[in-house]
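Participant: For the sequence shown, the positions run 0 to 335 when numbering that gives the first Met the number 0 is used.
For glycine and all other residues, C-beta sits at the position ideal for the given N, C-alpha and C.
Quantities reported herein were computed from a predicted structural model and do not represent experimental measurements.
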Amino acid sequence: MELYKQLLEANKSHVFTKDMTHEQWLTARRGSIGGSDAGAIMGLNKWASPLTVYLDKKGLNTFEGNTATERGNWLEDPIRQKCREELEVPIEAVPYMFTSEKHSFMSANIDGVIYLQEEKEINGIALKGLGGHEIKTSQRGDGFTENEIPDSYFAQTQHYMAVLNLPWFVLSAYLIDKNEFHHYVIQREDEFIGRLIEAEKDFWENFVEKDVMPAPSGVDAESDLIADMFKGSSVSIILDGEAESLSAEYLLINEKLKEMEARKAQIASSLKLKIIEQQTGSQDDKAKAVAGKYNISFSKFMRKSVDSEKLKKDGIYETYCKESESSMFRITEPKK
């Protein structure tokens, strides 16, 4: 009996995903809040926000994956096998999407399931029975330490446990640059789950269902999505008083940033000169210095770049020129 059949018996609302086309899969995802959305809705994801999730649910997010997501997909099976060997536990993929019976706006599509007939200790924590398994890949391992995972992944696994009524999850992370596997046990935290459900309920009922766009949070992904939505206007647009206040604040922040960048450059130059005063010379043009509790490094290196002017003269610039769409946003104040 497949391990995931225990999930099917306990969670009646589910749909088979293995035979879905990519478009069918995207449509299914848009109909509810998934685990990968949880961190963004809770403000725990520095790469996504309530606005990016909203645009995704409305079909306005044109992002369909990148090298990192593709790599994660094709590495999933070999990583799962490696996890079986390292943890010495049975792990099976789960080709189903589940919908919460209590909260229909919540869904779960987990990477795998673990079933332990006998108690087993993983990372010093005794586990038994049915639990979930989540796989992550990270190039540099940002946010992963010996005992901690990124907050967004914690929210994701708690979301899954809420939907599937599971008591624990094992999250396995493959850190690519280090070629290391790390396994983390995440136990169910009902207090956090309560806050998570309230946040997701508010998001779904007051934004998605009412077609109300959440306020931006300032993450980079928002800028790209908003630029994709922009189609231009043939007439001048008159904005409200709030827009005027925001424009004034934007210009003020811009001026402060210029001042801070100038001060930053000034400090860097001062520190470089202090190092130069005591330099002894080195074959690799590198120097290290200590300033109290701070470590400072100064180095030179060669950088290769394409000479576009030479390509133009040789008549081959257009052959290798690649066009990409971009946008420009600018605020100006009338001269006094």
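Any idea if N205 is buried or exposed, counting beta-carbon neighbours within 10 angstroms, 16 or more meaning buried?
Facilitator: exposed
Participant: Just the C-alpha distance for M0 and E117, rounded to the nearest angstrom, thanks.
Facilitator: With a pLDDT of only 48 at M0, under 50, the local geometry of the prediction cannot be trusted, and the value read off the model is given with reservation. Taking the straight line from one Cα to the other gives about 17 angstroms.
Participant: Do you know offhand how far V218's Cα is from A290's?
Facilitator: 34 angstroms
Participant: Mapping the DSSP letters down to three states, classify K38 as helix, strand or coil.
Facilitator: Here the sequence assigns Gly to residue 38, which means Lys is not the residue at that position. It is helical.
Participant: Which stretch, first to last residue, makes up the beta strand (DSSP E) that contains T136?
Facilitator: I124 to S137
Participant: Does the ligand MG have even one heavy atom less than 6 angstroms from the beta-carbon of L174?
Facilitator: This structure lacks the ligand MG, and indeed carries no ligand of any kind.
Participant: For N346, collect the residues of the same chain with a Cβ closer than 8 angstroms to its Cβ; drop the 5 residues on either side in sequence, then sort them by chain order.
Facilitator: The chain is shown only over 0 to 335; residue 346 falls outside these bounds and no answer can be derived.
Participant: Which runs of the alpha helix (DSSP H), 4 residues or longer, sit entirely within the stretch 177-242?
Facilitator: Within the stretch 177-242, the runs of alpha helix (DSSP H) that reach at least 4 residues and sit entirely inside it are, in chain order, 189-202 and 219-228.
Participant: Just the C-alpha distance for E339 and S269, rounded to the nearest angstrom, thanks.
Facilitator: Outside the shown range of the chain, which is 0 to 335, sits residue 339, and nothing can be said about it.
Participant: Under DSSP, the beta strand (DSSP E) around S12 begins and ends at which residues?
Facilitator: Element bounds for S12: n/a, residue is neither H nor E.
Participant: Roughly how many angstroms separate the alpha carbons of S307 and G314, rounded to a whole number?
Facilitator: 10 angstroms
Participant: Within 10 angstroms of its Cβ, does H13 collect 16 or more other Cβ (buried), or is it exposed?
Facilitator: buried
Participant: When you compare only the Cα positions, how much space is there between L245 and F202?
Facilitator: 25 angstroms
Participant: Measuring straight from C-alpha to C-alpha, what distance separates E276 and T331?
Facilitator: 44 angstroms
Participant: The alpha helix (DSSP H) that contains V88, what's its start and end?
Facilitator: V88 -> no alpha helix (DSSP H), and no H or E assigned at all.
Participant: Which residue from L7, H132 and A125 puts its Cα closest to that of V169?
Facilitator: H132
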